[in-house]
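Note that this note's numbering has the sequence shown beginning at 135, numbered continuously upward.
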Amino acid sequence: MLGLSKIYHIADLFRDKFIYSLSEIFSLLFIKIYLVILVLQNLSIWIFVWLFAHRVGSSLAVLHFSVDFGIDLVGDARKLFIIPVLSLFVSALNFCLLFIFFRDRNFKFLAYALLSTAVLVNLFMSLALGPIYLMNFR
């Protein structure tokens with residue numbers, strides 16, 4: 135049977151290992167640069183969607199346009215908040231994978247691959263918001 139002191143000891147060891155790996159991961163300069171880029175991209179997506187939803191108000195917004203059929207999705211502008219949520223989820227998932235692969239021999243390559251993928255996903259998410267804005271306000 136696990137005693138309470140043994141549980142505290144295991145939790146303390148986990149905390150120490152987590153802080154050590156966090157400090158080792160963020161000691162690399164390129165990870166800090168990617169983190170700043172990801173935070174700025176994600177923040178700009180959140181601000182854009184919030185301003186868009188605030189400007190549309192309670193009226194309906196065009197959410198999708200198809201070249202063949204024209205407007206095929208109209209709905210509440212708050213549905214656009216899925217875009218920054220997905221972007222944040224991909225960024226958080228990639229950072230969790232960094233912690234998993236921290237001890238790997240090819241860590242730098244994996245870090246570049248994961249973080250550049252997150253930057254590209256954020257870029258495509260922000261590019262997806264441009265046509266939605268143009269359809270509603272032009």
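We put the beta carbon where it would ideally sit given N, CA and C, even for glycine.
Residue i to residue j span [Cα, whole Å]
i	j	result
A262	S139	52 Å
F233	Y142	22 Å
V255	W180	14 Å
F182	F236	34 Å
I217	L227	15 Å
S193	I159	46 Å
Status (buried if at least 16 other CB within 10 Å, exposed otherwise) for residue i
i	result
F186	buried
Own chain residues within Cβ distance below 6 Å of residue i, not counting five before or after
i	result
S225	L172 and A252
Short CB-CB distance (under 9 Å) between residue i and chain D
i	result
L197	No chain D appears in this structure, which consists of one protein chain only.
The alpha helix (DSSP H) enclosing residue i, as first and last residue numbers
i	result
L174	L163 to V190
L222	I216 to I234
First and last residue of the uninterrupted beta strand (DSSP E) at residue i
i	result
L207	G204 to D210
F199	L194 to S200
Close-in-space but distant-in-sequence residues of the same chain around residue i (CB under 8 Å, 5 per side omitted)
i	result
I155	It is Ser, not Ile, that sits at residue 155 in the sequence shown. F233 and F236, listed in sequence order.
Sequence-distant residues of the same chain with beta carbon closer than 7 Å to residue i, five excluded per side
i	result
L248	N228, L231 and L232
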